[in-house]
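There are 4 protein chains.
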Amino acid sequence: MNARRGRPRSEQARLAVLDAAVDLLRADGYDRLTIDAVATRAGVGRQTIYRWWGSKASIVAEAVLEGRISLGGPAIVDTGDLRADLRGWTRALVAAAGDAEEQAVIRALTAAAADGGADADALYRRLTSPGHEALVTRLAAGASDPTDPRLHSAADAVFGTVLYRVLTGAPMTPDAADALTGLLLTGLDAPS
Amino acid sequence: MNARRGRPRSEQARLAVLDAAVDLLRADGYDRLTIDAVATRAGVGRQTIYRWWGSKASIVAEAVLEGRISLGGPAIVDTGDLRADLRGWTRALVAAAGDAEEQAVIRALTAAAADGGADADALYRRLTSPGHEALVTRLAAGASDPTDPRLHSAADAVFGTVLYRVLTGAPMTPDAADALTGLLLTGLDAPS
Amino acid sequence: MNARRGRPRSEQARLAVLDAAVDLLRADGYDRLTIDAVATRAGVGRQTIYRWWGSKASIVAEAVLEGRISLGGPAIVDTGDLRADLRGWTRALVAAAGDAEEQAVIRALTAAAADGGADADALYRRLTSPGHEALVTRLAAGASDPTDPRLHSAADAVFGTVLYRVLTGAPMTPDAADALTGLLLTGLDAPS
Amino acid sequence: MNARRGRPRSEQARLAVLDAAVDLLRADGYDRLTIDAVATRAGVGRQTIYRWWGSKASIVAEAVLEGRISLGGPAIVDTGDLRADLRGWTRALVAAAGDAEEQAVIRALTAAAADGGADADALYRRLTSPGHEALVTRLAAGASDPTDPRLHSAADAVFGTVLYRVLTGAPMTPDAADALTGLLLTGLDAPS
DNA sequence: GGATAAGCGAGACGGTACGTCATGTCTTTCA
DNA sequence: TGAAAGACATGACGTACCGTCTCGCTTATCC
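Chains as they are written, first to last, in the numbering used here: chain A, 26 to 217; chain B, 26 to 217; chain C, 26 to 217; chain D, 26 to 217.
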């Protein structure tokens with residue numbers, strides 16, 4: 026019986042907005058991403074954006090939720106050799122963070138989270154949590170105590186370091202990546 | 026002799042601008058900090074700001090350079106007990122980062138660095154480097170090899186983690202601080 | 026087989042629209058009268074208005090046609106004394122035009138006629154013609170030549186003057202009304 | 026001592042705005058005259074218009090004050106023959122009011138006065154008063170009593186009738202003009 | 001000590017984007 | 001098939017800042 030009255034929301038418009046936003050974000054960065062530009066590029070009325078999103082951050086958040094934008098790096102494999110798996114994955118993450126376009130996205134989203142409205146931090150959490158969770162899971166699989174809270178600390182340290190280095194304009198080198206994984210894994214090996 | 030002709034730059038105006046910028050930054054955050062507002066609050070013509078700084082980031086950078094804004098936390102003491110010293114300092118840093126106003130500044134400057142113009146990353150480096158250097162120095166003093174590059178990695182991890190947790194809206198707890206220092210120091214104890 | 030297929034037009038909706046339009050017109054004036062507001066107040070879909078009227082002016086025109094809005098002043102009596110009848114009626118018309126709400130309607134409809142779409146002048150004619158015709162009829166009853174075209178000129182002069190004075194923000198006084206009727210009746214007494 | 030500080034108002038911009046407004050008014054009518062369009066055509070920032078005028082009506086009012094727009098018809102001559110002079114002038118006024126572009130202006134300004142903000146009626150008065158005053162003066166020159174208040178009533182009747190006929194979409198014919206002047210002059214000849 | 005020069009507060013300039021409002025059209029469900 | 005609901009693209013509104021450009025005034029050095 027209940028099926029909402031009135032014209033239903035246009036899925037086409039929704040997708041066009043998200044596409045346009047991601048394109049412009051990659052091309053120009055977050056601060057030069059304007060609602061006007063998104064609307065124009067998407068071929069959509071400005072009011073439509075305000076109706077459903079209301080802010081740049083909301084649009085980007087939805088793009089993140091749909092997986093159009095992510096920061097997790099590649100998936101983590103489990104070969105049984107934790108040290109090798111983690112080293113490889115961290116190197117890959119660092120390499121991704123070294124890419125210019127990827128960096129633009131990181132900066133854009135960090136800016137969104139930082140200058141941020143109410144939902145901005147949630148956005149950031151959503152953005153990094155898939156990779157974060159995957160990392161914790163892989164660490165737990167190789168750990169003596171899979172519930173050790175230090176696993177989360179280690180994962181925070183990995184993402185935090187990558188982010189920090191991007192923001193200082195000095196992205197990590199593969200050596201720095203190796204040093205970090207070594208440090209953290211050795212630390213985790215010891216009892217807390 | 027050449028001692029520049031014309032009216033010299035007004036130190037009073039310079040200070041008023043920096044004061045106003047810091048006040049507004051703390052009060053409203055970086056994105057709501059406008060040149061207009063700074064000029065008005067400082068009782069200064071807008072052109073004067075453009076003449077000497079040219080952008081929001083430049084003003085904030087100068088405030089950082091003058092020590093009006095810093096992110097380093099307290100100074101690191103050296104009692105001979107590296108573990109205790111580092112644990113105490115990290116807890117203090119984390120406590121500082123838990124303060125609402127301090128958090129506003131962190132977010133503000135992160136936003137500046139992230140959505141960032143040309144000088145933004147340098148600004149960020151300048152902002153964190155005093156604390157970063159002090160941390161590396163203290164670590165070196167207690168390390169078997171004071172030139173170990175992993176010292177920098179550890180310092181990056183500390184600052185990166187604090188930053189990352191602020192951005193996700195979940196600032197670190199004292200326990201998380203302890204876990205992180207334990208992890209890193211244990212890692213550093215082992216040979217690379 | 027019934028003549029008209031489908032759901033018949035809702036008389037209730039039609040009346041609600043006209044009521045709402047007149048209310049809003051009196052309250053806010055013509056320029057602040059919006060289709061949106063009429064639809065909302067009438068509890069009617071916007072499309073219903075576009076289907077049957079298509080413009081603000083059309084709605085107002087229908088309200089005029091139904092006598093919900095008029096500008097004619099009172100009815101003209103015929104006591105046999107043309108001068109007295111006309112003088113009394115003109116005074117009444119002028120008094121009506123001095124009323125604030127009545128003035129709002131006059132201004133509203135004049136605006137409609139002036140900035141007007143295609144039908145606006147027709148609206149204006151419909152609005153004033155009942156009073157105009159009644160006035161010509163009364164003049165004809167007292168005139169030596171009931172077909173004298175100057176009767177229409179005199180009627181135009183009466184309505185035009187009232188309108189003009191309202192628009193200049195200086196509504197007529199009873200004395201001015203008397204002066205005008207005197208002028209016109211004396212003029213009509215003389216042969217053309 | 027006092028000489029206003031800051032950049033002085035640009036006369037060029039002011040003139041460009043007035044020119045653009047008059048052009049667009051003549052071309053499109055008052056309701057299709059938008060601030061946006063005026064700014065664009067004048068090559069002026071929108072804010073500049075809002076700074077000095079704040080509304081369409083204010084711009085038009087200033088154009089009227091500067092004589093760029095008027096409704097008075099031609100000047101009234103005084104050949105000694107009042108009847109002939111007035112008949113000629115009224116015919117000219119009616120002829121002018123029959124011109125399509127002139128009519129657009131009349132409608133535009135009537136709309137402005139009618140849907141009108143605070144200053145709109147003053148605008149209308151300013152618009153018609155030069156012609157009105159000239160007419161009263163000419164009537165006074167031929168009248169037995171130059172202070173007769175009926176002279177103003179007659180002038181109001183002339184302008185009011187012309188306006189009314191334009192608004193009803195039935196502009197006056199030369200014959201109607203003659204009828205009106207005849208009516209009023211005969212009325213004025215008789216004692217009040 | 002008068003000329004020259006540069007910085008100063010003030011404030012207007014042409015712009016861009018904002019977020020809101022109303023328009024007229026279109027598309028759904030319900031009666 | 002009419003009517004309500006309500007989303008759609010469009011475009012003007014008035015505001016806030018942007019970065020630039022005159023102004024008159026002030027404060028310095030230089031001839």
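Built from N, CA and C at the ideal position, the CB exists for glycine as well.
Predicted model only: the values in this text are computed from it and were never measured.
- The beta carbons of B/R32 and B/V130 sit no closer together than 8 Å.
- If you look at B/A168, you'll find it isn't in any alpha helix (DSSP H); DSSP assigns it neither H nor E.
- The Cβ atoms of C/T135 and D/T135 sit closer than 8 Å to each other.
- The C-alpha of B/A215 lies about 29 Å from the C-alpha of A/A121.
- In terms of CA proximity to D/W78, D/L43 leads the group D/G54, D/P99 and D/L43.
- Within the segment 113-136 of chain C, the residues whose Cβ lies closer than 7 Å to some Cβ of chain D are R132, T135 and A136, listed in chain order.
- When secondary structure is reduced to three states using DSSP, B/T65 falls in the helix class.
- Cβ proximity to chain D below 7 Å picks out nothing from the segment 76-107 of chain C.
- For A/T198, no alpha helix (DSSP H) segment is defined, and its DSSP state is neither H nor E.
- Judged by DSSP in its simplified three-state form, D/D173 adopts coil rather than helix or strand.
- Taking a contact as a CB-CB distance under 8 Å, the pair A/G68 and A/A41 counts as one, their CB atoms being some 6 Å apart.
- Between D/L49 and D/Q128, the alpha-carbon positions lie close to 14 Å from each other.
- Cβ-Cβ distances below 7 Å link A/A168 to L176 and L213 in the same chain, with the five nearest sequence neighbours on each side left out; the list follows chain order.
- Annotation: A/I60 to A/Y75 spans about 9 Å, alpha carbon to alpha carbon.
- Straight-line spacing of the CA atoms in A/D53 and A/A86 works out to 17 Å.
- For C/P174, the nearest CB of chain D lies under 8 Å from its own CB, placing it at the interface with that chain.
- Counted as a single uninterrupted DSSP element, the alpha helix (DSSP H) harbouring D/R39 occupies residues E36 to D53.
- Taken atom to atom, the span from the alpha-carbon of B/R93 to that of B/L152 is near 11 Å.
- The distance from the Cβ of D/V119 to that of D/P199 is about 7 Å, consistent with a contact at the 8 Å cut-off.
- Looking at D/T162, D/V161, D/A133 and D/A64, the one whose alpha-carbon comes closest to that of D/L148 is D/A133.
- Residues of the segment 43-60 of chain C whose Cβ lies closer than 7 Å to any Cβ of chain D, in chain order: G54, Y55 and D56.
- D/R150 reaches chain C at T193, G194 and A195, counting residues in chain order whose Cβ is nearer than 8 Å.
- Ranking B/A117, B/D146 and B/R190 by CA distance to the CA of A/S178 puts B/R190 first.
- Among the residues of chain C, those whose CB is under 7 Å from the CB of D/D181 are T186, Y189 and R190, following chain order.
- With fewer than 16 other CB atoms across the displayed protein chains lying within 10 angstroms of its CB, D/V102 is exposed.
- Residue burial is scored here from C-beta neighbours: C/G185 has at least 16 other C-beta atoms within 10 angstroms and is therefore classed as buried.
- Within a 10 Å sphere around the beta-carbon of A/T206 sit 16 or more other beta-carbons, which makes this residue buried.
- Per DSSP, the continuous alpha helix (DSSP H) segment holding D/D110 begins and ends at L107 to G123.
- Not flagged as an interface residue toward chain B: A/S169, since no C-beta distance is shorter than 8 Å.
- For D/S35, the nearest beta carbon of chain C is not closer than 8 Å to its own beta carbon.
- Nearest CB-CB separation between B/G207 and chain A: below the 8 Å threshold.
- Nearest CB-CB separation between A/A215 and chain B: below the 8 Å threshold.
- If you check the CB distance, D/G70 and D/A64 come in under 8 Å.
- Taking C-beta atoms under 8 Å as the contact rule, C/V187 and C/L160 fail to qualify, at a distance of about 11 Å.
- When the Cα atoms are used, D/T73 and A/D56 turn out to be separated by approximately 27 Å.
- Taking a 10 Å sphere around the C-beta of B/G105, we find fewer than 16 other C-beta atoms and assign the residue as exposed.
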